[in-house]
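Position 3 of the sequence shown, counting from 1, maps to 3 under the UniProt record's numbering, and the rest follow consecutively.
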Amino acid sequence: MSVVDVHIIFENEKGEWLFSRRANTGYKDGQFSLVAGHLEPGESLKACAIREAMEEAGVAVDTDALELRHVMRRDSDQHRISFFFLCRTWTGTLENREPHKCAGFLWRRPDEPPLPIVDHVERAIQSIRTGELVGDYTAPGFAP
């Protein structure tokens, strides 16, 4: 069975994207990623993005504000399917609502993402910038 995760790319008026620094999760701690989470049973992809935006960043996002930009099949610790949504409008002030899992937020241009960055997120950014909607990724060192 595949694990499905949903990533939200918050983009401000300057074209910068919001990155979060992972902490205390046991997975890629200290590296930058995006606001993201796992799809729950019975939940739609956009409902997952809306829930995660509120849980992790404290903002309300409308369904129509989410634009699908990339879908990635990836093999790492498990077989995963990752969805990446761009969001340019939201209600509220972005704030770190999970300081026990996130060391903070940082705005950066997508052509100059912060380092170190989670490998599959870096690959997704490259794919989004070149207009690739669907892609595959295998984590370094993964052997099926």
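Glycine included, every Cβ here is placed at the ideal spot set by N, Cα and C.
If you keep only unbroken beta strand (DSSP E) runs of at least 3 residues inside the UniProt domain "Nudix hydrolase" (1-130), you get 3-10, 17-22, 35-38, 66-75, 79-87, 102-108.
Selection E67, E43, P110, C102 evaluated against N24 yields C102 as nearest (Cα-Cα). In this structure, F32 is the residue among T89, Y27, F32, E13 with its C-alpha nearest to the C-alpha of P116. Annotated as distal: F105 and L39, with beta-carbon spacing of 8 angstroms or more.
Straight-line spacing of the CA atoms in E95 and G58 works out to 6 angstroms. Shown here for V35: same chain residues with a beta carbon closer than 8 angstroms to its own, the five before and five after excluded, namely H7, I8, F10, L18, S20, E52, A53, E56, A57 in chain order.
E16 places its beta carbon 8 angstroms or farther from that of R123. Excluding residues up to 5 positions away in sequence, R69, H70 lie with their Cβ nearer than 6 angstroms to the Cβ of I128 in the same chain. A49 is a Cβ neighbour of L66, given a cutoff of 8 angstroms.
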